[in-house]
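Numbering (our numbering), first residue to last: 1 to 262.
In what follows, a structure is listed as C-alpha cells, so that the remarks can point back to it.
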Ligand SMILES: NC(=O)c1ccc[n+]([C@@H]2O[C@H](COP(=O)([O-])OP(=O)(O)OC[C@H]3O[C@@H](n4cnc5c(N)ncnc54)[C@H](O)[C@@H]3O)[C@@H](O)[C@H]2O)c1
C-alpha cells in the first residue's frame, strides 16, 4: 500500500472482526490510521486487531461492543475517546442477515434485525456526531446493502433495515454538513464473507441448490459475472473518508458490479 491518507487519524469500525468490517479496519490501518475494532465476537475481534497492529504498526484497540445495546455503545466510544481523544472516521459494518417468507417472520426476528442493523447504526452515529461536530471534521460511512435499494422475496426485515440506514444517513448528512462532516451509505452487492456463505447455505437449501450453486447463480446475475471481495468494498469506504470526497455527502453508493443502477 503506497498511499497513506489517514496517518494520525482515528478510525472506528463496527463489525470489525470479520468480512467487510475487517477489510475496512485493515485498509485504514494500512493507510496509517489508528483503529478501534468493535464487535460482539471478542476472540476474532482481538485477533483482527492484533494482526492489524503487527502488520501495520499503528495503535489499535479491540473493544467488545454490542451495537444494539445503548450502554455497550456508550462504553465502547468512551474507551476510544479516552485513548485517542478524537474520532475521524466511523464505519458501521456490524450487521446480521435474517430472511424468511413473510408469514414466517416472527416479531422477535423482525425486532432483532432492526435492533442490530438499524438501531445499531443510529446509536453509533449518535455517539460520534458531537465529537465530529466539535472537531469540525469527520466522515461517517454506514454500511447498507443493495437490499436497501431493491429487494427480493423473503428478505423484508433485512431490506427494511438497510433502506432505513439510507434514510438515517441522509438526515445525519444534512445535520452535520455545516460542520464539515460527511455521512454516506455504502450499498455492497454480494461480497464473499461469512455472512454471504451463510446466506448461500440457507437460501440455497430453500431453493434446492448447494451453497456453491447459489453463489454461482448470484455471480451470473451480476453484470460483472462475479461476487465482490471484501477489500473491494473497503476501497470505496476509504475513498469516502479521504480528502478526495469532502464535497460528497448524503449519498448511498452501490458497490455491486452493476447489479442495481439508479
Ligand atoms: N456480504 C455481503 O454480501 C453483504 C452485502 C451487502 C451488505 N452487507 C452488509 O455489510 C456488513 C458486513 O457484513 P459482512 O458480510 O462482512 O458480514 P460478517 O458476518 O462477515 O461480519 C459481520 C460482523 O458483525 C458482527 N456483529 C453482528 N452483530 C453485532 C452486534 N450486535 N454488535 C457488534 N457486532 C456485531 C459479527 O460478529 C461479525 O464480525 C453488514 O451490515 C451486512 O449487512 C454485506
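Where a beta carbon is used, it is the ideal one built from N, C-alpha and C, also for glycine.
Look at the Cβ atom of residue 33, then the Cβ atom of residue 58, and state whether they are nearer than 8 Å. yes
Paired residues, beta bridge with residue 91 - DSSP: 13 and 141
From the DSSP secondary-structure annotation, give me the bridge partner or partners of residue 61. 36
Are residue 230 and residue 257 close, meaning C-beta to C-beta below 8 Å? no
Where do the ends of the beta strand (DSSP E) carrying residue 68 lie? Per DSSP, residue 68 belongs to no beta strand (DSSP E) and is neither H nor E.
I need the straight-line Cα distance from residue 109 to residue 98, nearest angstrom please. 7 Å
Buried or exposed: residue 142, going by 16 or more other Cβ atoms within 10 Å of its Cβ? buried
Among residues of its own chain, excluding the 5 on either side of residue 89, which ones have a beta-carbon nearer than 6 Å to its beta-carbon? 11, 139 and 241
Run through the DSSP bridge pairs and tell me what residue 252 is partnered with. 185
Segment limits, alpha helix (DSSP H) that includes residue 54: 42 to 56
Contact between the stretch 183 to 200 and the stretch 161 to 171 is defined here as three or more beta-carbon pairs at a separation below 8 Å; is this criterion met? yes
Straight-line Cα distance separating residue 22 from residue 251: 23 Å
Indicate whether the contact test is met: 3 or more Cβ pairs, each with one atom in the stretch 124 to 132 and one in the stretch 148 to 161, closer than 8 Å. no
Is the beta carbon of residue 44 sitting closer than 8 Å to the one on residue 94? no
Could you check which residue in 87, 81, 79 and 156 has the C-alpha nearest to that of residue 107? 156
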